[in-house]
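Structure, as structure tokens:
Chains as they are written, first to last, in the working numbering: chain A, 1 to 443; chain B, 1001 to 1358.
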């Protein structure tokens, strides 16, 4: 009886409190540029989500420590969604109401879900190194910015690298390349480009999907052992990567013949495997682990030394930390660029930030000045190209750390452009979008 | 004092067979529906609509469907997520492959396809029951996950496997604002809830309950188990399928099979168990509990921490959310094994006897 009364009271008070918190959700907009941070610090992908989120938030703190963007301080709020699409959409709705002007969901699934919402809400969607590949075409995808690289760029460079090792693109004929991929939009993105390349060069493409979260890969690697592909491309995220490497070790597939996407090339992916992953190579989204770069030293000095660091100190400069940091940097630079046009020292709106991101021009001098010397190459976006750069390096795990290679690759512009335009025109037709003309772009 | 049926005499059979025999109940429910239709669109903001109310309504509909099967007919299913997926993908295919297909037509055809799948996967229920049936329906889940990931035709050859729907409109009414989407879903829920309530009061519902309570006895008194069980699977899958189509079309807009994973099946089953098996109200209460409580905890805990001057990290909030949510489920199941709806029924009993409850 008492128990029941208690239960009822709990239920009633819960309902009351819900309405109380929900009403505070419509926050007053402060004189600060607000950055929503969608993170996954828990769940199956936390090991990889954490350093990214720490880097992202730390960079915002660093900008504040340096005086903000022309005096405008940056504020931020995290929202945990555990890599689940529906919770990610909830986070988006929640933080949107607080004055968000740029979103970076770090999930291809969430990106797909938000692509239709962004134009309605007038908030740009920055997906540095993930998301829809065809959203590079900014004349159709006004609000999507797959800055620095898409999965088609990754797939293209991966084939180029394999060809280079084999001694030329013509040597690919008759080879067998297996793609071990996370069975989600993320993992499926590279397939069209790989199929195109397979047709061009006459290699055989084996598609081997791995179900979320990727801890069960025995069958996949048995297939690899039977079919003996010449190379394996690993398109994994989170625990799937270390599992794949362990399975490769167990089945005796040479790690030197494995090449991972940039999301499969960070410390959490290989640390558990250690020496077993030696020789495994992965693409980089320009940067690798950069503990000696100037921006990292600034970070340690101006943020971590003051006890403001978000994560542990020894993580600063690691691959995913840098990825988060750079993602944050391009968004902040978008705001800075927008301020140049719409008024320095003002808080920008989503539409203004969109203009800033579309006219981003980070040349080597600017990047070096910000402390990204040796970390990044120039990025220049335009209306037709929302990606801005397609530079990729290859890094190799030597058993204890990632060693970046010296060669820089770029995606084959001709091949990529054709595929992007095809896909984006198809999307525009489906959604009845009229692509912007060059004249409209200038506005 | 207020809640008492004294003086309400029923003089016709029709009056005796009303859904709500007590006037207060009737006015209360009508009041809630009127409030939901008229007042909520004016009061709620975009966040409320998009993140809370729309998912709540759609999952309530799905839970209602599951409740018809599990709560009323006693057939445990772990395939609800799969039937949602069938509804969503079938509706999508009807919409894009048939020119001029109206939105509601596509949604209902999605539901019908799902009903067909429900009958197919309900066939094992004629031989196996209980936990074994749960495992058999799990096959539906895995089969659909596989089919929508692998068979390109279902996703219209989309390279990423993700499909999307936009420009929803019904008879020239363009549904794009959150309030309109909410009203569209609400319309569906109200109609389907009335249908479900009436079904459970009619012959078919009584057959389901007889099967649930003791199938041998039901057979002896002349109920055909095959017809009763398969009709329960069909109706349940139809509801769940329409909910799945709404989930894809209205809530997500663009989705992949992961939106209807086995987690969704478990979530729906928990909704009806916590809300109350064999209760229409229970489906709504259970959906509210499972959908709203985690989001509420996620926002309430940092606010509480702020009040006490503590900063709780995002990860800690998320862990605490799971811990509290889990313990509340256990707590409610101990306090009231018959679900939250039962608490409401008890409250009504007490109100009748008030001020001398015993």
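Where is the CB? At the ideal position from N, CA and C, for every residue including glycine.
Per-residue burial, residue 18 of chain A [other beta carbons within 10 Å of its own, 16 or more giving buried]
Bear in mind that a pLDDT of 47 at residue 18 of chain A, under 50, signals an unreliable position, so the model cannot answer this.
Would you check if the distance between the CB atom of residue 1279 of chain B and the CB atom of residue 1341 of chain B is smaller than 7 Å?
yes
For a cutoff of 7 Å on Cβ pairs, would you count residue 1160 of chain B as touching chain A?
yes
Take residue 1069 of chain B as the anchor and find which of B/1158, B/1181 and B/1273 has the nearest alpha-carbon.
B/1273
Looking only at its own chain, which residues have a Cβ that is under 8 Å from the Cβ of residue 1253 of chain B, when we skip the five neighbours before and after it?
1164, 1165 and 1166
Name, in chain order, the residues that DSSP records as bridge partners for residue 79 of chain A.
A/38
Same chain, Cβ closer than 6 Å to residue 1067 of chain B, five either side skipped, listed in chain order:
1272 and 1283
Rounded to the nearest angstrom, what separates residue 35 of chain A and residue 94 of chain A at their Cα positions?
13 Å
Can you tell which of A/125, A/148, A/133 and A/178 has its C-alpha closest to the C-alpha of residue 142 of chain A?
A/125
Quick one: what does DSSP say residue 176 of chain A is sitting in, helix, strand or coil?
strand
Output the distance between the C-alpha atoms of residue 250 of chain A and residue 70 of chain A, rounded to the nearest integer angstrom.
55 Å
Let's test the definition: count the other Cβ atoms within 10 Å of the Cβ of residue 1173 of chain B and tell me whether it reaches 16, buried, or not, exposed.
exposed
CA-to-CA distance, residue 415 of chain A to residue 176 of chain A, given in whole angstroms:
21 Å
For residue 50 of chain A, does the three-state DSSP call read helix, strand or coil?
helix
What are the start and end residues of each continuous alpha helix (DSSP H) run of 4 or more residues lying completely inside the region 365 to 418 of chain A, in chain order?
none
With a threshold of 8 Å on Cβ separation, who are the neighbours of residue 1263 of chain B within its own chain once the five nearest residues in sequence on each side are excluded?
1081
Along chain A, which residues have their Cβ under 7 Å away from the Cβ of residue 1295 of chain B?
90
The alpha helix (DSSP H) with residue 1081 of chain B in it runs from where to where?
1080 to 1097
Do residue 136 of chain A and residue 347 of chain A have their C-beta atoms closer together than 7 Å?
no
Of all Cβ atoms in chain B, is any one closer than 7 Å to the Cβ of residue 127 of chain A?
no
Mind checking whether residue 1301 of chain B and residue 1320 of chain B have CB atoms under 7 Å apart?
yes
Pull up the CB-CB distance for residue 148 of chain A and residue 320 of chain A, whole angstroms please, since I reckon it's below 8 Å.
Incorrect: roughly 14 Å between the Cβ atoms, too far for contact.
Cα separation between residue 1015 of chain B and residue 1023 of chain B?
11 Å
Residue 212 of chain A touches chain B at which residues, Cβ-Cβ below 9 Å?
1258 and 1261
On the CB-based measure, 16 or more other CB atoms within 10 Å of its CB, does residue 1132 of chain B come out buried or exposed?
exposed
Assigned secondary structure, residue 1009 of chain B (DSSP; H/G/I helix, E/B strand, else coil):
coil
Pick from A/44, A/418 and A/440: whose alpha carbon is nearest that of residue 212 of chain A?
A/44
Interface residues of chain A around residue 1319 of chain B at Cβ under 8 Å?
42
Taking Cβ-Cβ distances below 7 Å as the criterion, which residues of the region 91 to 114 of chain A are in contact with chain B?
93, 94, 97, 109, 112 and 113
Could you give the residue range of the alpha helix (DSSP H) that holds residue 439 of chain A?
438 to 442
Rounded separation between residue 1106 of chain B and residue 1095 of chain B - CA only
6 Å
In chain order, what residues of the region 267 to 278 of chain A put their CB closer than 7 Å to some CB of chain B?
none
Residue 1291 of chain B versus residue 1315 of chain B - alpha carbon distance:
20 Å
Whole-angstrom Cβ separation of residue 72 of chain A and residue 334 of chain A, contact assumed at under 8 Å?
Not confirmed; about 13 Å, so no contact.
Three-state secondary structure (DSSP) of residue 30 of chain A
Bear in mind that the predicted position of residue 30 of chain A carries a pLDDT of just 49, short of 50, making it too unreliable to give a figure here.
Which residues share a DSSP beta bridge with residue 1251 of chain B?
In the DSSP output, where bridge partners are listed per residue, residue 1251 of chain B has none listed.
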